[in-house]
Structure formats: C-alpha cells, structure tokens
Amino acid sequence: MQVSPTLTRRLLIVGVCLVSVVACCGLAWWQWERFSSANGTFQNLGYVLQWPLFGLFPAFMFWRLRTLRDQAAAREADAVEEPVLAEGPRDAGAPAPAPANRARPLVREGETGAERDIEDDELARYNRYLAELHRADTSTPRRRGP
68 MQVSPTLTRR LLIVGVCLVS VVACCGLAWW QWERFSSANG TFQNLGYVLQ
118 WPLFGLFPAF MFWRLRTLRD QAAAREADAV EEPVLAEGPR DAGAPAPAPA
168 NRARPLVREG ETGAERDIED DELARYNRYL AELHRADTST PRRRGP
C-alpha cells in the first residue's frame, strides 16, 4: 500500500506539533518547580505562562498556513468562475479605474505646496540643530574612568 506524500507530510507536521507541545509543557512544569522553590522568582512564573504558548505556536502556524492556502484557492476558483465582461468604449472624460495595489500618495490630501515647504523648513532647521549637537559632542574630549 502506497502512502501519499501529502499524508506523510501532514503526519510529520502533527508529530512535530505534538512533540513541541509535550516538550514545552515539560519546560513549563520545570519553571513551575523553580518558581515554587525557595529561590524562585516571578520570571519563572512568567515562563510558566509562556512555555505552553510556545508549544502551541507550531500548531497555530500549521492551521494559519492551511487557512490562507484554502482562502487563496477559493479566490482563484472564484476568479476562474466569474465571466469576463467585454467593456464597451469609455467616455473620453471618464477616468481609468485605479489599480488595486495602488501606493499611498506622498502628498496628503488637502495639503498645499506651502505647507510642505514649511514642514521642509522645520525639518531642515531640526537637522541643523542635530548637526550642531553632534559637533559639540564630538569636539569636547571625554574623560574615561575614575
């Protein structure tokens, strides 16, 4: 009987997830024992709470990647099933539709050129101030040690 590579891969992932949960729960138990001892600290208690989450992370990532893959496949199937409509001639004055992944504009809406110049002047003034501080800091010799 031939086992499919997909099944083998899934079983391996499930095995790794189970091993990580068991190992991290063991580490959480160890941290609890350290916290309960005479020299235990609240840092140990923090690790008691964190280790189980670390152990569950591989299972979460497996679930998340599988969900994203299924969503992408569903979007692909929807795109294939939608009929392509032929577009008629556009009006000469009508704007073309914007692309879906359009970058944000560098200029904020409603901002004039004068407002940008003021911001640029303020930025230049601040940069000059930082340069003066740097010159003053590097020009004075520092004492090292007592």
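Residue numbers (this note's numbering): 68 to 213.
Ideal placement from N, C-alpha and C gives every residue a C-beta, glycine not left out.
Span separating the alpha-carbon of residue 133 from that of residue 108: Taking the sequence shown and counting its residues from 1, one reaches residue 133 at position 66. Taking the sequence shown and counting its residues from 1, one reaches residue 108 at position 41. Residue 133 and residue 108: Cα-Cα distance of roughly 39 Å.
Sub-7 Å separation of residue 91 and residue 121 beta-carbons: The count along the sequence shown starts at 1 and reaches residue 91 at position 24. The count along the sequence shown starts at 1 and reaches residue 121 at position 54. Against a cut-off of 7 Å, the Cβ pair of residue 121 and residue 91 comes out as a contact.
Residue environment, residue 95, which counts as buried when at least 16 other CB atoms sit within 10 Å: One-based indexing of the sequence shown puts residue 95 at position 28. Buried, since its Cβ has 16 or more Cβ neighbours within 10 Å.
Whole-angstrom C-beta distance between residue 147 and residue 123, which should lie under 8 Å: Counting from 1 along the sequence shown, the entry for residue 123 is found at position 56. Counting from 1 along the sequence shown, the entry for residue 147 is found at position 80. 36 Å between Cβ atoms; not a contact.
7 Å Cβ cutoff met for residue 84 and residue 126: Within the sequence shown, residue 84 is the residue found at index 17, counting from 1. Within the sequence shown, residue 126 is the residue found at index 59, counting from 1. Closer than 7 Å, so yes.
CA-to-CA distance, residue 209 to residue 193, given in whole angstroms: By 1-based counting over the sequence shown, the position of residue 193 is 126. By 1-based counting over the sequence shown, the position of residue 209 is 142. Their Cα atoms are separated by approximately 25 Å.
Whole-Å CB distance - residue 102 paired with residue 112, under 8 Å assumed: Translated into the one-based positions of the sequence shown, residue 102 becomes position 35. Translated into the one-based positions of the sequence shown, residue 112 becomes position 45. Yes, they are in contact, since the Cβ atoms of residue 102 and residue 112 sit about 5 Å apart, within 8 Å.
Contacting residues, own chain, Cβ-Cβ under 6 Å from residue 98 (five flanking each side not counted): The count along the sequence shown starts at 1 and reaches residue 98 at position 31. Hits under 6 Å: 111, 114, 115.
For residue 70 and residue 82, the rounded distance between their alpha carbons: Numbered from its first residue, the sequence shown carries residue 82 at position 15. Numbered from its first residue, the sequence shown carries residue 70 at position 3. Residue 82 and residue 70: Cα-Cα distance of roughly 16 Å.
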